[in-house]
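If you read the sequence shown in the numbering used here, its first letter stands for residue 205, the second for the next number, and so on. Positions of the beta carbon are idealized from the N, C-alpha and C atoms, including for glycine. Structure, as structure tokens:
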Amino acid sequence: MSAATGKILVTGADGFIGSHLVENLVRAGYDVRAFVFYNSLSSWGWLDRAAPDVRGQFEVFAGDIRDPFVVEEAMRGCARVAHLASLIAIPYSYVAPSSYVETNITGTLNVVQAARSLGVERVVQTSTSETYGTAQSVPITEEHPLVGQSPYAASKIGADQMALSYYLSFGTPVTVIRPFNTFGPRQSARAVIPTVISQIAAGKREIQLGNQSPTRDFSYVADTVRGFRMMLESDAALGEVVNLGTGFEISIGDTVRLIGELMQQDIKVVTDESRLRPSASEVERLCADNSKAKRLIGWEPQFAGIDGLRHGLSETISWFSDPANLEAYKHERYNI
């Protein structure tokens with residue numbers, strides 16, 4: 205796909221990964237329409253802080269992914285769609301599960317139905333490694349069973365299956381991208397890496413945290429958005445689910461210690477009971493097999509292994525340590 209052929213719609217463009225993806229696509233020469241969540245403040249989320257070289261270089265469409273009429277209007281005139289709009293906070297899914305069904309499953313239905321009606325060339329559906337639940341074998345391939353250990357994970361399984369059903373039933377050109385634990389600048393402080401960095405950057409030395417024993421496969425956001433762009437450009441992954449992960453596994457506790465080392469601070473972790481998931485809902489282990497991404501779209505992580513994690517963490521620490529960025533976070537409280 206050439207940068208000159210067709211507009212790309214990015215849903216969830218006001219969010220963490222979505223805003224980075226908009227910047228990446230604009231810099232690559234694409235014509236981008238950014239779908240942001242409508243609000244009375246006319247906030248574009250993180251796109252209000254878009255990098256200077258991309259400001260004014262993309263179109264903004266405000267709406268609600270739960271409304272099929274506005275979704276179709278947003279998609280009109282677009283050739284391809286990167287669908288990232290989603291509720292993603294796992295703790296909030298315990299108290300507001302209906303919202304996750306409406307946003308994640310019905311929202312995805314609205315996207316693929318509009319794509320079918322309008323004849324778009326590609327829909328990239330955003331999944332999550334949480335759909336696998338605790339690893340039954342590692343590294344986790346795309347054939348691993350899907351286990352919804354939280355309402356969030358269950359809603360994303362439903363959303364993925366809805367998208368794939370349109371490929372199988374109607375030939376809608378859908379592909380599913382499944383990122384593992386993306387982190388980086390702009391990530392919500394409800395996630396472990398930003399919550400640790402933001403607390404230390406704000407001067408705290410006793411860090412409030414939940415369970416430290418689970419392992420994760422942390423992927424730096426630059427790798428993730430590059431994978432999205434490659435999925436938008438490639439025909440090889442149609443009808444497929446593709447993991448994006450590094451294949452490097454590290455515990456939460458070791459990650460926290462690494463952050464403290466990189467920030468040159470002696471920290472103490474204090475368990476905050478409110479940050480603990482219900483025991484049967486905790487995903488204990490995640491580690492990606494990324495061989496399918498390499499085979500189908502030629503993607504490999506550039507921030508791989510312990511050195512790649514260190515590099516990504518350093519970039520993230522640098523961003524959060526800027527007072528102008530840190531002030532956007534309420535580090536003193538836990539927001540589910």
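Alpha carbon of E347 to alpha carbon of L368, nearest angstrom: For the purposes of this step, residue 347 is taken as residue 143 along the sequence shown, with counting starting at 1. For the purposes of this step, residue 368 is taken as residue 164 along the sequence shown, with counting starting at 1. One C-alpha to the other measures close to 15 Å.
As a quick exercise: from A363, A406, K498, A492, pick the residue whose alpha carbon is nearest that of R270. What you label residue 270 is simply residue 66 of the sequence shown in a count that begins at 1. Minimum Cα distance to R270 is reached at A363.
Straight-line gap, S206 to P295 (C-alpha atoms, nearest Å): Indexing the sequence shown from 1 puts residue 206 at position 2. Indexing the sequence shown from 1 puts residue 295 at position 91. Model confidence at S206 stands at a pLDDT of 42, short of 50, so the residue's coordinates are unreliable; what they give is reported in the following sentence. Straight-line spacing of the CA atoms in S206 and P295 works out to 41 Å.
Return the first residue and the last residue of the alpha helix (DSSP H) that G311 is part of. Here residue 311 refers to the residue found at position 107 of the sequence shown. Its alpha helix (DSSP H) spans residues 311-322.
Would you mind reading off the limits of the beta strand (DSSP E) that contains A278? In the sequence shown, the residue the question calls residue 278 occupies position 74. Annotation: A278 is outside any beta strand (DSSP E); the continuous alpha helix (DSSP H) that includes it extends over 272-279.
Going along the chain, which unbroken runs of the alpha helix (DSSP H) with 4 or more residues stay wholly within the region 293-380? DSSP runs (the alpha helix (DSSP H)) wholly in the region 293-380: 294-299, 301-304, 311-322, 355-374.
Just tell me which of Q403, G216, S333 has its CA closest to the CA of V315. Here the question's residue 315 lines up with position 111 in the sequence shown. For V315, the nearest C-alpha among the options comes from G216.
Report, in whole angstroms, the separation of the C-beta atoms of T546 and D421, which I expect to be a contact under 8 Å. Nothing about residue 546 can be read from this structure; the chain reaches only from 205 to 540.
In angstroms, rounded to a whole number, what distance separates the CA positions of E519 and A406? To locate residue 519, count along the sequence shown from 1; it is residue 315. To locate residue 406, count along the sequence shown from 1; it is residue 202. Taking the straight line from one Cα to the other gives about 17 Å.
C-beta atoms of Y298 and S359 nearer than 8 Å: For this step, residue 298 is matched to residue 94 along the sequence shown. For this step, residue 359 is matched to residue 155 along the sequence shown. In this structure, Y298 lies away from S359, with their beta-carbon atoms at least 8 Å apart.
Helix, strand or coil for E488, going by three-state DSSP, please let me know. Against the sequence shown, residue 488 aligns to sequence position 284. Residue state, collapsed to three classes: coil.
Through-space distance from T376 to N388, alpha-carbon basis: Counting from 1 along the sequence shown, the entry for residue 388 is found at position 184. Counting from 1 along the sequence shown, the entry for residue 376 is found at position 172. Here residue 388 turns out to be Gly, not Asn, going by the sequence shown. Cα-Cα distance, rounded: 32 Å.
Note down, in chain order, each residue of its chain lying with its Cβ closer than 8 Å to the Cβ of D268, except the 5 sequence neighbours on either side. Start at 1 with the first residue of the sequence shown, and residue 268 comes out as number 64. So the qualifying residues of the chain are F241, Y242, V274.
What does the alpha-carbon distance come out to for the pair A208 and D235? The residue you call residue 208 lines up with position 4 of the sequence shown. The residue you call residue 235 lines up with position 31 of the sequence shown. Interpretation of A208 is limited by its pLDDT of 41, a score under 50 that renders its predicted location unreliable; the figure taken from the coordinates is listed afterwards. If you take the alpha carbons of A208 and D235, they lie about 8 Å apart.
Where does I510 land, buried or exposed, given buried means 16+ other C-beta within 10 angstroms? Here residue 510 corresponds to residue number 306 of the sequence shown, with the count starting at 1. Looking at its Cβ environment, which holds fewer than 16 other Cβ atoms inside 10 Å, I510 is exposed.
Residue burial classification, D218 (beta-carbon count within 10 angstroms, cutoff 16): Here residue 218 refers to the residue found at position 14 of the sequence shown. Under this definition D218 is a buried residue.
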